[in-house]
Structure formats: C-alpha cells, structure tokens
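Visitor: As you go down the protein sequences, you meet chains V and G in turn.
In terms of the UniProt record's numbering, the first sequence is residues 1 to 322.
In terms of the UniProt record's numbering, the second sequence is residues 1 to 322.
Even for Gly, the Cβ is constructed at its ideal location relative to N, Cα and C.
Got a structure for you, questions after.
Number of protein chains: 2
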Amino acid sequence: MPTIRDVAKEAGVSSSTVSRYLNKNGYVSEEAKKSIHAAIELLRYRPNEMARSLATKKSQMVALLVPDITNPFFTELAKEIEEQAYQYGFTMILCNIGNEHEKEKQIIEQLQQQYIAGLFIATKQIEASYYEKLQIPMVAVDRVLSEKIPTVKTNHFLGGQIACQHLMACGVENVLCIRASSEEDVANERIAGFYSCAQTLQIEEVISAYEVEATKILVLEKLQNRTYEAIFASSDAMAIGTLKAIQQMNLRIPEDIQLIGYDGIRMTEWTTPTITTVAQQITQIGQRAVRCLWKQMQNEDILERHQLVAPILIKRNSTKGE
Amino acid sequence: MPTIRDVAKEAGVSSSTVSRYLNKNGYVSEEAKKSIHAAIELLRYRPNEMARSLATKKSQMVALLVPDITNPFFTELAKEIEEQAYQYGFTMILCNIGNEHEKEKQIIEQLQQQYIAGLFIATKQIEASYYEKLQIPMVAVDRVLSEKIPTVKTNHFLGGQIACQHLMACGVENVLCIRASSEEDVANERIAGFYSCAQTLQIEEVISAYEVEATKILVLEKLQNRTYEAIFASSDAMAIGTLKAIQQMNLRIPEDIQLIGYDGIRMTEWTTPTITTVAQQITQIGQRAVRCLWKQMQNEDILERHQLVAPILIKRNSTKGE
DNA sequence: ATGAAAGCGCTAACAT
DNA sequence: ATGTTAGCGCTTTCAT
Numbered sequence: 001m002p003t004i005r006d007v008a009k010e011a012g013v014s015s016s017t018v019s020r021y022l023n024k025n026g027y028v029s030e031e032a033k034k035s036i037h038a039a040i041e042l043l044r045y046r047p048n049e050m051a052r053s054l055a056t057k058k059s060q061m062v063a064l065l066v067p068d069i070t071n072p073f074f075t076e077l078a079k080e081i082e083e084q085a086y087q088y089g090f091t092m093i094l095c096n097i098g099n100e101h102e103k104e105k106q107i108i109e110q111l112q113q114q115y116i117a118g119l120f121i122a123t124k125q126i127e128a129s130y131y132e133k134l135q136i137p138m139v140a141v142d143r144v145l146s147e148k149i150p151t152v153k154t155n156h157f158l159g160g161q162i163a164c165q166h167l168m169a170c171g172v173e174n175v176l177c178i179r180a181s182s183e184e185d186v187a188n189e190r191i192a193g194f195y196s197c198a199q200t201l202q203i204e205e206v207i208s209a210y211e212v213e214a215t216k217i218l219v220l221e222k223l224q225n226r227t228y229e230a231i232f233a234s235s236d237a238m239a240i241g242t243l244k245a246i247q248q249m250n251l252r253i254p255e256d257i258q259l260i261g262y263d264g265i266r267m268t269e270w271t272t273p274t275i276t277t278v279a280q281q282i283t284q285i286g287q288r289a290v291r292c293l294w295k296q297m298q299n300e301d302i303l304e305r306h307q308l309v310a311p312i313l314i315k316r317n318s319t320k321g322e
Numbered sequence: 001m002p003t004i005r006d007v008a009k010e011a012g013v014s015s016s017t018v019s020r021y022l023n024k025n026g027y028v029s030e031e032a033k034k035s036i037h038a039a040i041e042l043l044r045y046r047p048n049e050m051a052r053s054l055a056t057k058k059s060q061m062v063a064l065l066v067p068d069i070t071n072p073f074f075t076e077l078a079k080e081i082e083e084q085a086y087q088y089g090f091t092m093i094l095c096n097i098g099n100e101h102e103k104e105k106q107i108i109e110q111l112q113q114q115y116i117a118g119l120f121i122a123t124k125q126i127e128a129s130y131y132e133k134l135q136i137p138m139v140a141v142d143r144v145l146s147e148k149i150p151t152v153k154t155n156h157f158l159g160g161q162i163a164c165q166h167l168m169a170c171g172v173e174n175v176l177c178i179r180a181s182s183e184e185d186v187a188n189e190r191i192a193g194f195y196s197c198a199q200t201l202q203i204e205e206v207i208s209a210y211e212v213e214a215t216k217i218l219v220l221e222k223l224q225n226r227t228y229e230a231i232f233a234s235s236d237a238m239a240i241g242t243l244k245a246i247q248q249m250n251l252r253i254p255e256d257i258q259l260i261g262y263d264g265i266r267m268t269e270w271t272t273p274t275i276t277t278v279a280q281q282i283t284q285i286g287q288r289a290v291r292c293l294w295k296q297m298q299n300e301d302i303l304e305r306h307q308l309v310a311p312i313l314i315k316r317n318s319t320k321g322e
C-alpha cells in the first residue's frame, strides 16, 4: 500500500502539501492539486486512518452502544444511524453491551483508545457523571442520561396520549396498562402521557419484564381474574406477548378485547391480527442524532439540548375505531 | 492518558522492556516485571491500540459483513460472534452492506486501512477472487464463497431432509415449496435436501423474495388456485408471510394446511400458531467461525476447510405429528 | 536481560 | 504556497 510519501514523490511535492490537499486545509496551488490528484489515482492511494488518528487523536469512527442487539428496536435504530453516519464519512461500530456495567466501561475505555470520534448511547447502566467526564462528543438516544448530555428521543408523553386517545376513540372505558419497571424513564413518560388523557377511563396498571414470554404469562394470569375492554402494552414486545395470552384465552381481538402496542417495530405487522401501535419514528431519530453529534464535532451550538421526535399512530387490526 | 514511556520512567526501565512485558515476548527479569506491573497499576495505563496497530500493521478488530442488519438471522449471528470474539480479546465491527457492491468494496478498503485482523463474511455480492486477494484471515459464514475460503455453515442439505421427513411423518402427500432464487446456494441446498427424501411426495416449487409481505401475496395467489396439505417455506420470514396468507384465506393451521419454516429465528415462537421450523444452531456457528478465524491468525492448520453445522427440528404448532 | 534508535503513516507548527 | 521537522504511542531490530 502506497503512503503519503509515495504520493508526494510521484507528484513532485512534499508530503505536507499532500496532507494539506487531503485535508483541504492550508494553501495548495492549482498546479500542485492536479499533480497530486494524478499521483493518487495512479498509485490508488488511500490515506491510512490509523496513522491519521494517531496523529490527530481523532478517528473516523463513531460507536453506538445498545443493551441488546437482538432487540428489533435497536437494530432498526442501528441501521438508521449507520446509514446516516456513513453519509458523513464515519464508520459505525455497534457495541452490544448486555447488562454488565463492567463490560460497558471496558468497551468505552477501548473506544477511547481508538480515539472514537463520537458516541451514541442507548444504554443506561452507568452514572451520567461517568459519561460527562468522557470528553467525547456524544448523544443519548431514546433516553435521557442527564440535563447536560444532548439527547434525541421520542416524545413518549405524547406517545402515551396518542395511545390513550385512540383507545377512547375506540369506545374503551377500562383498560389494562402493561408497563416496564418504574426505573425506566421512558416507560414512566409513556404511562404519564396515557394518564394525562384518561379522563373517566378506568386504568389498571401492571409491571412486566420486557420479554415476550414473560408478558404472556403475566397477562394470562390477569385475564383469568378479570376482563378488560382493552390493553395498552407499552412496548411491542409486550404487545406480542399480550396477543399470545389473549389468544390462548380464546378471546377475539379486537371484538372481545382491543390491543395497542408501542414502538412500531416491523413485527407488529406480521402477527395475526396485526397490532395497532404507537410508532417511534426511528429514521428521524437516527438522522437527528447523527446531525446532533456532527454539530458537536464542529463545535456548533446545539440549539435544543433535548430534541423530541413525535411518534405516530399506526392503526391496524387489533383495535376497532376508524 | 499515560504512555508507555510514562510507565517506563515510573518503573525505572526503558520503554522497550515495557513493550516486551506487555507482549510477553523477549526476556524480562522478574524484578523488572514487578516494577512494571506496579507502574501500570499506579498510572492506570492502557496501551494505545492505534499506535500498536500502526506499528504492527495488525489491529484487535474483526468485522462482520452482513447484507441486512435488520434481518433477525444476522442479528442473532452478530450477537454470537460478537460475544465469542470478545472472549478472544477482539472488538467486533458490524458492517451493514446493503445491496451495493460498491459500498462493500469501499468498506473493506476502509477496514484494511484500519488493519482489521479478520473478516466474517455473510454477504455474497463480490467475486470470490476479490476476497481471496485480500490477504486477511477470513471465514465465510452461512455461505460458501469459494473452495479456498474457510467456511462455517449449516448443513442445509440435511436441513431440507429434516423438513421433508417431518412433513412426511405428519402424513403429508403434497406440498408447496417456497424457495429463494436459485442464485442463492443455501436455498438450492435446502431444496435439494428436501427432494432427496421426498420419495412419493408431490412437490410444487415456487420462488419468492425474502420479504414477509412479498411471500404473503405470492402464497395468497397460489392458494386461490389449488390446495396443498403442507407448505415448506425455506426461510422463517417466508414462513411468516405464508402464515398470514393462509390465515387470510381462512384456512386452519395445521388442520387444513401444515407449515414448516427454516432458520429458527425467535419470531417463529411469537406467531399464532407458533411455527415448526428447522433451526440453524447459530450459537454453534458463531463459536466455530470465531475459532476458525483464530486458528488462521495463529497459522494453525485448518483441518476442515468447510465446516457443516447440523440444524435441528423445532416442533411447534403449525404441523401435526408427534 | 535491557536500552537506543529507527520507523509505522500521518499531521501540524514553523520557517521560508 | 511549500518544505522541514518533530512528533502521535508503540514495536522491533540491533547492540551491549
């Protein structure tokens, strides 16, 4: 592989001139530009990112930290962010953190050594202060880490409202609300939004783990004791578990009981019946997150520290209504 | 961040000695070892991977190239490989290639500049000769790129046989076989295996795109004209599309028509009914792939160039039988 | 067993 | 506008 010096020699200039040409900073005469360009083509030269990073202490890599890569929401997010970041010339590293604090810190340490240019954080296991100390451009995606750290997330309060309004428009008067642990802020917001519109709606609330199977078992039990006109599952994975439980009870959807999910992952259109859901606009989240990181790298001002993306209702067959 | 020279100074030795200590090559006295160890602890020193890579022309990163990160099979595979690779001290970069030849070549070029230590290739858009020229340890995952390139994949011929045998055991006499394009070797193998057991079974074959919706439309049309006792969908995504089509026709599964899928992705246990499927053992594929790459890095002999992993039947509710 | 020195490929003052 | 020089943090001969 040719180096910058090979190019310089071939073009009859010094390597600094080539470097300036490459980085488009400093002056380079038109003449030099031409010969350098030709030399690069001739030698099929590509700058070595490693050497570049070592010299500048900045790489062209950004990383996305997620708790579980097999969770479809995160994969869809990863895809969007990867594509966007690629447009800006960055390579995205996807890091699956799992639930171990230690692994996350270790991985971040490694990323720092690689002079990672920026971080998208979709995990939440470490104290915010740890991230703040990092001194790396970063944006929290779909969760608030702290006031200071720029954030792009869905307006979950609005999402909760949308879910509630839809159910009420479907003539529902009592509903079972399946939510994640109250430690999860995003869950709290969804539920708060839901309540904020509830008016005379009767709500029973229950906490479930994220897994499909766990939710199924839980709902099965619930349905044994009591009937509901509708169920609001605050994630689509839970909605699928709920669907399975309802079907196992031989209840019809939406005739006997209506169901609305949350997230908008692809799978909700593959079930029978398809599931009405409050969809997060993942593409937009990805775009904004990347732009936000980009601005930080350019030291531009970030006008809104916390950006909210509105979710939208996707009406399918698990609810009545229009 | 402290450098190797800081450690050397603190330990009262030269940086070469520290380097030798770090890489466990060359001689280092017990005494030196102790003081270096202490210095490292004291300064919380971590070697800079970039600098290391630049000097050695080898990084600690491996990459997995997939055509579509939102395809659950690949995410599950990615998770396994990531975890395995992490055990060996590697960071895995997940690269979503999409369908563009150009992007794949560009990305590989970038990876080379980063002195990528190894490649897991789960795409198939480029001529095998391109990969062979690369001079990077690599393993083809779930597809054969060429004779020369080490491969770990499911024994799809066996998988096809398993599917066929199961259907026959379920009393099926005629079946619709939904397959991917004949350009996909893995599809060909599955189908070949299926036929190899078919005996008196009547088989109708049809080609479908991978997408759930596309398959649904196709199957819907098929079912309009004719009835089948069973359908073999050669991927789970297709199986889900098929399921939807069958249900839309108001046929019962498995009473009116039985269904078997292929891949073993999580989703098949979330549909109603759950789908019987021939499951690829992704964990094992991941483990073997990483070990195979590792061996190449150690210049160990690779006993079997092409490793086959046996798939297993997961019997669920979309088929009759035991 | 250890250190000095050169170099990996690039960037960034600084001088011209 | 361009070249010289000195690193970035590490590895690796080659002496000693």
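What's the C-alpha gap between V/HIS101 and V/VAL144?
Guide: Roughly 18 Å between the two C-alpha positions.
Visitor: Please determine, among V/SER235, V/MET297, V/ILE108, V/VAL206, the residue with the shortest C-alpha to C-alpha distance to V/PRO137.
Guide: Per the Cα distances, V/MET297.
Visitor: By DSSP, does G/MET238 sit in helix, in strand, or in coil?
Guide: Here G/MET238 sits in helix by DSSP.
Visitor: Which of the three DSSP states, helix, strand or coil, is assigned to V/THR215?
Guide: Of the three classes helix, strand and coil, the one that applies to V/THR215 here is helix, per DSSP.
Visitor: Please report how far the alpha carbon of V/THR277 lies from the alpha carbon of V/LEU303, in whole angstroms.
Guide: Cα to Cα, V/THR277 sits roughly 31 Å from V/LEU303.
Visitor: With H, G and I counted as helix, E and B as strand and the rest as coil, what does DSSP make of G/PHE232?
Guide: Strand, per DSSP.
Visitor: Taking C-alpha atoms, which residue in G/TYR262, G/TYR86, G/CYS170, G/THR3 lies nearest to G/VAL186?
Guide: Out of G/TYR262, G/TYR86, G/CYS170, G/THR3, G/TYR262 has the C-alpha closest to the C-alpha of G/VAL186.
Visitor: Closest to V/GLU229 by C-alpha separation, out of V/ALA289, V/LEU43, V/LEU176, would be which residue?
Guide: Of the candidates V/ALA289, V/LEU43, V/LEU176, the one whose C-alpha sits nearest the C-alpha of V/GLU229 is V/LEU176.
Visitor: Roughly how many whole angstroms lie between the Cα atoms of V/GLY12 and V/ILE36?
Guide: One C-alpha to the other measures close to 8 Å.
Visitor: Checking 8 Å against the spacing of the C-beta atoms, do V/ARG226 and V/GLU269 come in under that value?
Guide: Their beta carbons are not under 8 Å apart, which means V/ARG226 does not touch V/GLU269 by this criterion.
Visitor: Please determine, among V/MET238, V/SER14, V/ASN71, V/GLN284, the residue with the shortest C-alpha to C-alpha distance to V/ALA32.
Guide: Nearest C-alpha to V/ALA32: V/SER14.
Visitor: Which same chain residues end up closer than 8 Å to G/LYS105 when comparing Cβ atoms and leaving out the 5 residues on each side of it in sequence?
Guide: The answer, listed in chain order, is ILE126, TYR130.
Visitor: What residues from the UniProt domain "HTH lacI-type" (2-56) of chain G come within 7 Å of chain V, judged by C-beta to C-beta, listed N to C?
Guide: Of all residues in the UniProt domain "HTH lacI-type" (2-56) of chain G, ARG46, ASN48, GLU49, MET50, ALA51, SER53, LEU54 have a Cβ within less than 7 Å of some Cβ in chain V.
Visitor: Determine the extent of the beta strand (DSSP E) in which G/ASN174 is found, giving its start and end residues.
Guide: G/ASN174 -> beta strand (DSSP E) spans 174-179.
Visitor: Whose C-beta lies closer than 6 Å to the C-beta of residue 377 of chain G among residues of the same chain, with five residues either side of it excluded?
Guide: Chain G is shown from 1 up to 322; residue 377 of chain G falls before or after that span and cannot be answered.
Visitor: Have a look at G/GLU211, G/VAL141, G/ILE116 and flag the residue whose alpha-carbon is nearest the alpha-carbon of G/GLN135.
Guide: Looking at the Cα atoms, G/ILE116 is the closest of the given residues.
Visitor: Could you check whether the stretch 208-218 of chain G touches the stretch 249-259 of chain G, counting it as contact only if at least three pairs of C-beta atoms, one from each stretch, sit closer than 8 Å?
Guide: These segments do not touch.
Visitor: Among G/ALA310, G/ASN299, G/GLY286, which has the Cα closest to the Cα of G/THR75?
Guide: When only C-alpha atoms are compared, the closest one is G/GLY286.
Visitor: What's the C-alpha gap between V/ALA128 and G/ILE178?
Guide: Distance between the alpha carbons of V/ALA128 and G/ILE178 is about 51 Å.
Visitor: Taking beta-carbon pairs under 7 Å, can you tell me which members of the stretch 264-275 of chain G lie near chain V?
Guide: Answer set for the stretch 264-275 of chain G: MET267, TRP270, THR271, THR272.
Visitor: Select from the stretch 78-96 of chain V all residues with a C-beta closer than 9 Å to any C-beta belonging to chain G, and list them in chain order.
Guide: From the stretch 78-96 of chain V, only ALA78, LYS79, GLU82, GLU83, TYR86, THR91, MET92, ILE93, LEU94, CYS95, ASN96 have a Cβ closer than 9 Å to chain G.
Visitor: Cα separation between G/ASP236 and G/ALA38?
Guide: Near 55 Å, if we compare the C-alpha coordinates of G/ALA38 and G/ASP236.
Visitor: Residue range of the beta strand (DSSP E) that V/LEU64 falls in?
Guide: Run containing V/LEU64: 61-66, per the beta strand (DSSP E) assignment.
Visitor: To which residues of the same chain is G/THR319 closer than 8 Å at the C-beta, ignoring the five residues directly before and after it?
Guide: Same-chain partners within the cutoff: HIS166, LEU167, CYS170, ALA230, PRO254, GLN258, LEU259, ILE260, THR276.
Visitor: I want to verify the contact list: residues of chain G whose CB lies under 9 Å from the CB of V/TYR115, in sequence order.
Guide: By Cβ distance, chain G contributes ASN48, MET50.
Visitor: Identify every residue that forms a DSSP beta bridge with V/VAL139.
Guide: Answer by DSSP bridge pairing, in chain order: V/PHE120.
Visitor: How about V/THR242 and V/VAL206: are their beta carbons less than 8 Å apart?
Guide: In this structure, V/VAL206 does not lie closer than 8 Å to V/THR242 by Cβ.
Visitor: Write down the C-beta distance between V/GLN114 and G/MET50 rounded to the nearest angstrom, noting that I regard them as a contact closer than 8 Å.
Guide: So it is a contact: roughly 6 Å between Cβ atoms.
Visitor: Scan the stretch 252-282 of chain V and note each continuous beta strand (DSSP E) run of 3 residues or more that stays entirely inside, going in chain order.
Guide: Qualifying beta strand (DSSP E) stretches, in chain order: 258-263, 276-279.
Visitor: How about V/ILE207: is its C-beta nearer than 8 Å to some C-beta of chain G?
Guide: Closer than 8 Å: no.
Visitor: Give a yes or no on whether the minimum CB-CB distance between V/GLN287 and chain G is below 8 Å.
Guide: Chain G, which has no Cβ nearer than 8 Å to the Cβ of V/GLN287, makes this no.
Visitor: In three-state DSSP terms, what is V/THR154?
Guide: Note: V/THR154 maps to strand in three-state DSSP.
Visitor: Report the neighbours of G/VAL219 on chain V: residues whose CB is nearer than 7 Å to its CB, in chain order.
Guide: Per Cβ cutoff of 7 Å: no residues; G/VAL219 is ~14 Å from chain V at best.
Visitor: How long is the line joining the alpha carbons of G/ALA192 and G/PHE157, rounded to whole angstroms?
Guide: Answer to the nearest angstrom: the Cα atoms are 6 Å apart.
Visitor: So the alpha helix (DSSP H) V/CYS170 belongs to, where does it begin and stop?
Guide: Taken as a continuous stretch (DSSP letters only), V/CYS170 belongs to no alpha helix (DSSP H), as it is neither H nor E.
Visitor: Which chain G residues sit within Cβ distance under 9 Å of V/GLU304?
Guide: Within 9 Å Cβ-Cβ: nothing; V/GLU304 doesn't reach chain G, min ~29 Å.
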